[in-house]
Each structure stands twice: as C-alpha cells, then as structure tokens.
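Numbering-wise (my numbering), the sequence shown opens with residue 176 and increments by one.
Worksheet: one structure, shown below.
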Amino acid sequence: MDFDRLFREAEAEQATEPRELYEQLPSKAQGYGYLRDVQAQVLTKWDERRSRRDIVLKVNTGGGKTIDGLVILQSYLNDGVIPALYVAPDNYLVSQVVTEAGRLGIPVTTDPESPEYLAGEAIGVVNAAKLFNGRSIFSESRDPSHRIPIQAVVIDDAHAALTTVRSQFAVTVARSNGTFDKLLALFKEDLRTQAPDVLLDIEAETGNGFARVPFWSITSHLEELRSIIRDHKPENDRDYSALAIRDVLQLCRVVFTRSAVTITPPCPPIRRVVSFDQAAHRVFLTATLADDSVLVSEFGADSELVAQPIYPLSAGDIGERMILAPEEINESITAAKVREKIVKLSDKYNTLVIVPSDRARAAWPDDAIFANASSLDNVVGRMREGYVGLVIVANKYDGIDLPQDACRVLVIDGLPQSYNGDDRLNALMRASVTGIDDRQVQRLEQGMGRGVRSNEDHCVVFLIGRRLAQITIDPRTLARFSPATRKQLTASRTVAKGLKDTPLEKIMQTAQQALERDPDWVRGAKRALRGLAPEPARIDPATTAERRAFDLASQGNLAAASRILTEAAKELPDERRAGSLLEQAAAYLNPVDPAQAQQLLATAQAKNYYVLKPLAGVTFVPLTYAGAQANTIAERLAAKYGTPAQMRVEIESIFDALSFDPDRTEDFEEAMRELGAFLGFNSQRPERELSAGPDNLWALETGSFWVIEAKSGATSEFIAKKDAGQLSQSMLWFGKHYAPTDVATPVMVHHSRKLYKDASAPVGMKILDERTLGELVNDVRAFSVGLTGNPWCDPEAIDRLLTGHHLRPADMTARLRPVTGGAV
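Set out below in structure tokens:
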C-alpha cells in the first residue's frame, strides 16, 4: 500500500485554503508543482471573500483562470458545498478544462447527472448551452425532485458565455420555417404602420432593413402569438429557446428582417434556470469587459458585488503583442495590399485571420484554410501541432486558443458586426457617438487575444480597415479596452508614429523585427506593461436598472418596472440611450395604462427616432436649410467632437457603412444621413422617422433638396421598375409636404445607371453609383484629414477645404450621373 499517497489524498480532501489545497493535490503532472504568482494572488483574495454569493475574478488571457476555477470549486467541495459545476463557453473549451483537471489530479465529470457529481466526488464540467437553455436539467422545466442541483458554480470566460446566454433565451425563426409566415401574417398590418417600405422588402425577400412589431400589438395578439410559438418546430431539435421565453413572451420584442424574425426579451429570463439562480456561490471568471454591468443584466448577478471584482496585483500579466494598423500609418496603403503582404508572412508563420462574415472571406485567397463550425476544432488542433499557414475564420472572436507557434500572426479584418435583426436594432438604438457599442469593443478585444495565451507568448496583430484602426486610437473607445490591451495599443501607436507615412514594406519589416525577437522591441514591450494597475469595475446604472425592471415586470409588477426605467432615463446625458429606456418603460406600462404608455413613447421618440412610432404618429416638421455650410460644419464639429481624432473615427464609421452590401442596407441609409450632416447639410430619414417619404432627404441650400432612395443592396444589373417607382412616389411625397418653390433632385443610389425597359424614371432623376460614391468618400476623407491640420473649427479654413475638395452644394450635384434607359 502507498501510505504516503493515501494520507496526502485524505489531507487534500480536507484542505479548503486554496494554496494549501493545491500543494496537497497528490497527482499533479510535471510542471504543475506550484501555483504561479498571479494565480496565488487571485486565489488568496477569493478565499477572503468565499462566503459571498457572486464573485468576479478578472485575469488576463493566459493568466491561469482555468486552474483558479478548478481549485475554487474543489475548495468549496472540501468545505461541504456540494455539488460544484464548472461552465465553459463551448465543447472545445470543456475538453481543455477536463485535460487541465487531469494534469492537476482534480476529479471531474462531464455528466452532471452522475453519482460522482451529485455526491461531490467530482466537479461537473459542461458547456454554457447545457446550463442555459429552455429544457436545462438545471431549470424549472424539470420536476424539483429530478432537477440537478448546483451549490457552487464557476462561469469561465463569462465574457464569451454572454453570447450563448443571449442566443439561448431568444427565439430566431428562419424565413424557411413555416412559423415565419404565420408570424408575418399575424403582425403584417402593424408592421405596415411602422415601416411600410421595409415590409415590402421583407415580402419581396430583398433589402436588409428591419421592421418591429409595436408592443401594443403584442399585447392585443398575445394569445395568438402564444399559440404560434407553442406549435413552432425549430430546424434544430436541440433548440429550446421557445420554452425558455414562454413565460415572458408578453415582454418580448419582435423584429422582422427578410431572412428571419427574432423574439427577444429585454433581459434573459435567467431565473428560469433555478439551480443557477439559487446557487449559494457563483464565480465569474473573465479577462475583461467593456461594461461589467452586463454580468448583472445577462446573468442576474448582484450589482454591488460585481462592482468589487478580484484582480491580481498587476494588470500587465499578458502576452506580448505588437498591434499594427497599416492604413492608419500611411493613408495611401490599401487593405488589398496589406492582405497580400500578410499572405506572404503566412508562408513562414501560422496566421489566423478573423473576418466578420462569410462574405468578407472572399477578400482572401481561395486556397487559404477556412475553418467553419464543424472543422474548427480540427484546424485549431493542427495549428497547435505545427505549421499550417493561412487560416480564415468568420465571426469567431472567442473560444480559440492558439499558444506559441500555433499563431504568430493574427489579423482582425474588419469590425465585428451584428447581423441578427434585434442585435442591429439594439446597436443602432444605443450606439455611442463613435458609432460602435460595447459588444463590438468586447469582441474586438477577445479577437486580439487569440494568439497570446500566456505572459511568455507573443504575436503580431494586424488591424485591417480604417475605421477599425481609428477606434483603437480614439480616447473614447480606447478607454473601453482592458488596461493591458490599452497599454499595448499605446506602445504600438508609438511605433506607428515612428513609421508615419512610410511604405508598407517598411511596416512589414518592423513586424518582422517583433517576430524575430528584436531585443529592443521585447524590452520596450515588457516595460510598457510593468507595474500596470488594475482599474475599477465599470458599472452602468442604466443597465442595472434594466435588469431590476425586467425582474419586476416578470413578476407582474409592470408599473414599478416602468417607473424604474423612467427615473433611470432622467439621469442619462445620452439622448439616444434615454429614448431607448423610455420606450421600454412604455412597453412595460402599456398593459396597465395604455394612454400613459403612448405619452411616454412620444417622449422617447423625440430623443431617439429608432424607437417605435406612437399611435398618434410623429409630428411632421419640414427640413430646412441649415445655414452657411462652413459655419454649420464649424458649429457641429465644436459641439460633437473633442478632438480631430474623434472626428476621424466617426467619419471612418460612416465610410465603413457606405458599402454596396445587401446585408447592410439599414446601416447604409443611416450613414447617408450622417454624411449629409457632416457636410453641413440638414439631413433626415423620412421613411424611418415618419413611415413615409424617401430613405434620405438632404437640404443643401435654401429651397434646394436631394430626395434619395438608397438601393445599396440591389444586385441586378439594371434599375428595377419597382425601385424607380418608389423614387417617383417619394417625389410626390415631397411635393405634398414642401412649398412649390422648393426644388428637389430625385437621386437614386444604385450600382447601375441603366433602367429596365418597363421602368419609368421621374423627371430629372440622377444616379449616385458605386464609382461616384467612392470618389465622394475619397474627397470627404481628404477633407476630414485637412480639418485635422488646420484650426479645425475655423469657418474660413473649412470654407477653403470645401472648395478645394469640391464639396459645395453645386459641386455635389455635379457629381451625380444621368440615368440611361431601355434595358431589356
């Protein structure tokens, strides 16, 4: 008998102090003899707070979070807190946790219904979808006598698990599913009052706008909606989202696009997962969060406890990254040229490219390895084993671990986008002045962390896309990254300044210095992170108010829920966000006081035109001339931006959205409105704001307008009869609402200038095609660059730049091209 091992195992079973427990683990693999300093720091602080219910541990990527989580749960088990569950974002990371537990000698099981889990003899390990779903073995869908209990739970990579929680507690019905047609028929007339043109696009399966069902329509059709959802048969037989939201269906938001309809509650009904909701101890492990209050809104965590996270002493324990944005370093460099150089780098180094969509991968070589959901694990495994070359993944910013030579070059090609209708609506309703939301910042940071998995690791990160580059230097967005990432971005910015306006070849040589371990770079990169202190948690009172209100509304206390949001809106300086809260307050109030709800909604609409239109409609106010163009621009620049860099971020976000892309037509129309405003014109979206009129309306001069129909999603070689007719209808609308002396130019944004033979163009119709729009974008970009080199709010300087870049009203109209007809 091995008495030494026998007694050590007995001691380990009794130890609860985490460092002592770790030391006494009897079967640790070689190399696991001692805790790393950063792990010991975190575990010691946790032990001091172990009695608390909700605890947040913030440790940089590669800081040993998995070991921390396993030791914490084993400590709880040794203390009699049984059973204990470890939750990883996906199956790939579940396997990593199991492997790590094996190296530590900590018993685990992937079957939480096993006797070992229930008796506390092994830690249960599951993915987030196993815990959070409508038919979870931990939820109220099970009889209490058969429900699997949880006393202590660790949510690893909580920032990544958020995505799973959101998707599991929202119903998405694809166009191909018969339920879609039933829901469209149920709400068709209500959609017509909110967004008539988008409804036509949805019926024709064109465009990419979204149309919302008013909350009062959900109330009046609730029983029919329940019946349809009850009969809904999802394509995936493991999709239990309809069960997950059925008890809060009356509180949900319903959004249609041409491809799907989403039914989403204001917050995930997390209390339905009873075992998680009632667990004695919940520990959230996260690398960083742009907004820590999402742990409150999505997981129902205690806001006061979330505001007191545990950090290691230094926030600089992270792998070395040189982060380069060639297009920002030298504005003559194109994205295509950067991709060519990166392809050459991949001949020597494993290179991971993250693109925002399947469509975006077309910019890369066809012979690159494309890793999709089914092949990702295999491809990642091959990269970890040796040289693979160039690998492309779409919209996968987390859940990939590529240490050391597995990934030496990492590329983020384009800003993460939201394609779900409700996500896009939410982003537009809450977008900051920079045009991005915290979810995008979070996903961007997660993506940049895929290539460094410990503080001894290193890689070079390339950012492709001007908007992406500007976001990483704008103080308003830079502040939303983690302290370590922010320091690395700042250090990389120092490198970029030294390379300013240098050729791409020189930039690639600089990247090569980092890859080949130039000692001066290595010393400077490590020095930048030395002594970096953690920062306080970021808690948004409005977000925590949304969770409190939702919990009250779920319990039937609708009036109190509405009051909480109304009060929270009063404290917000951001008008758009305040309008969003007031709309939700109106939705909660509607079943008990419909008249007051409509008044609240009218107030919300005045602050944010993306909210629903009240039953009484929106008061029409004709668009007027803004005044002298240079003076107007100067006033708007001074009022909206603190620095030229901030201005450049916003204008790049506009350019990013001005792409002929069927998946981003809504973004395009909003960007056209913002472009008009940036150029000193008054700009409006009548169809979105009033449910009538053109997509965009610009007032260029006194009595001079552009009536704009944006067909950026059109794929036909010719302008369709329907589209030309829509522009004619918009001109008729203009004639009814504006003085006879006002002159409007009918403008269609379309990649073609040719009409179908049966199409009739309105008199004076002009085209802003892809080439002309590209030329305009280039001139406006040059104008914005010129502003940064002048007294940028000086009307005289602005006036000279407008003339030099041909952006006067007459110059703008001269850019438009004539339409041609007669196509077969």
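Built from N, CA and C at the ideal position, the CB exists for glycine as well.
Query raised in the report: Comparing alpha-carbon positions, which option in Asp917, Gly878, Gly868, Trp873 lies nearest Ser903?
Result: Gly868
**Report entry** Secondary structure of Met923, DSSP reduced to three states
**Finding:** Looking at Met923 - three-state DSSP - the assignment turns out to be strand.
Query raised in the report: On the three-state DSSP scale, how would you describe Phe853?
Result: helix
Query raised in the report: When the Cα of Ala335 is compared with those of Pro484, Ala985, Ala304, which residue comes out closest?
Result: Ala304
Report task. Measuring alpha carbon to alpha carbon, tell me which of His407, Ser532, Ile508 ends up nearest Gly353. Result -> His407
Query raised in the report: Three-state secondary structure (DSSP) at Val283?
Result: strand
Query - Helix, strand or coil at Phe795 according to DSSP, with G and I counted as helix - result: coil
Query raised in the report: In its own chain, which residues sit with a C-beta less than 6 Å from the C-beta of Leu976, not counting the 5 before and 5 after it?
Result: Cβ contact annotation for Leu976 (same chain, cutoff 6 Å, sequence separation greater than five): Phe958, Gly961, in chain order.
Query raised in the report: Just how far apart, CA to CA, sit Arg990 and Ala820?
Result: 28 Å
Query - Under the three-state DSSP convention, the category Gln199 falls into - result: Correct three-state label for Gln199: helix.
Report task. Compare the Cα-Cα distances from Val481 to each of Leu470, Leu488, Pro487 and report the closest residue. Result -> Leu470
Query raised in the report: Mind checking whether the beta-carbon of Ala762 lies closer than 7 Å to any heavy atom of the ligand GDP?
Result: Judged by which ligands are present, the structure shown has none, so any question about the ligand GDP falls away.
Report task. May I ask you to list the residues that DSSP assigns as paired with Lys941? Result -> Val922, Pro993
Query raised in the report: To the nearest angstrom, how far is it from the Cα of Ala889 to the Cα of Ala972?
Result: 39 Å
Requested in this report: Count the other C-beta atoms from every protein chain shown that fall within 10 angstroms of the C-beta of Arg823, then say buried if there are 16 or more, exposed otherwise.
Outcome: buried
Requested in this report: Please report how far the alpha carbon of Lys701 lies from the alpha carbon of Ala294, in whole angstroms.
Outcome: 46 Å
Query - Unbroken stretches of the alpha helix (DSSP H), 4 residues or longer, contained in the segment 775-852 - result: You should have 804-815, 819-832.
Query raised in the report: Does the Cβ-Cβ distance between Leu747 and Thr778 come in under 8 Å?
Result: With respect to the 8 Å criterion, Leu747 and Thr778 are not classified as neighbours on the basis of their beta carbons.
Report task. Would you mind sorting Glu399 into buried or exposed? The rule is 16 or more other CB atoms within 10 Å of its CB. Result -> exposed
Requested in this report: In the DSSP assignment, find the unbroken alpha helix (DSSP H) run with Val429 in it and report its ends.
Outcome: Taken as a continuous stretch (DSSP letters only), Val429 belongs to no alpha helix (DSSP H), being part of the beta strand (DSSP E) at 428-431.
Query raised in the report: On the three-state DSSP scale, how would you describe Ala885?
Result: The three-state reading of DSSP puts Ala885 in strand, counting E and B together.
Query raised in the report: For Ala920, which option in Val430, Pro937, Phe459 has the closest C-alpha, if you only look at C-alpha atoms?
Result: The displayed chain sequence assigns Thr, not Ala, to residue 920. A check of alpha carbon separations from Thr920 across Val430, Pro937, Phe459 identifies Pro937 as the nearest.
Query raised in the report: Which residue from Asn253, Val234, Val272, Arg227 puts its Cα closest to that of Glu195?
Result: Asn253
Query raised in the report: His912 lies in the alpha helix (DSSP H); which residues open and close that run?
Result: 896-912
Report task. Quick one: grab the DSSP three-state call for Ala998. Result -> For Ala998, the predicted model reports a pLDDT of 49, less than 50, meaning its position is unreliable; a value from the coordinates is still stated below. Correct three-state label for Ala998: strand.
Requested in this report: Determine the direct distance from the alpha carbon of Trp696 to that of Lys519, and round the result to whole angstroms.
Outcome: Approximately 22 Å between the Cα atoms of the pair.
Report task. Label Leu603 either buried or exposed according to how many other C-beta atoms from any shown protein chain fall within 10 Å of its C-beta, with 16 as the threshold for buried. Result -> buried
Report task. Indicate the three-state DSSP secondary structure (helix, strand or coil) for Lys675 in the structure shown. Result -> Annotated three-state conformation of Lys675 is coil, per DSSP.
**Report entry** Meets three-Cβ-pair contact criterion under 8 Å: the segment 338-356 and the segment 319-327
**Finding:** no
Requested in this report: List the endpoints of the continuous beta strand (DSSP E) containing Arg496.
Outcome: 495-499
Requested in this report: Give the single residue among Leu951, Thr719, Asn806 whose Cα lies nearest to the Cα of Ile826.
Outcome: Leu951
Requested in this report: Assess, as a yes-or-no matter, whether the segment 523-531 is touched by the segment 545-564 under the definition of 3 or more beta carbon pairs within less than 8 Å.
Outcome: yes
Query raised in the report: Are the beta-carbon atoms belonging to Asp573 and Gln621 less than 8 Å from one another?
Result: Cβ atoms of Asp573 and Gln621: closer than 8 Å.
**Report entry** Per DSSP, the bridge partner or partners of Thr439
**Finding:** According to DSSP, which records beta bridges pairwise, Thr439 is partnered with Arg428.
Query raised in the report: If you check the beta carbons only, do Arg839 and Asn871 fall under 8 Å apart?
Result: Taking 8 Å as the Cβ cut-off, Arg839 and Asn871 do not qualify as a contacting pair.
Query raised in the report: At which residues does the alpha helix (DSSP H) containing Ala644 begin and terminate?
Result: 641-646
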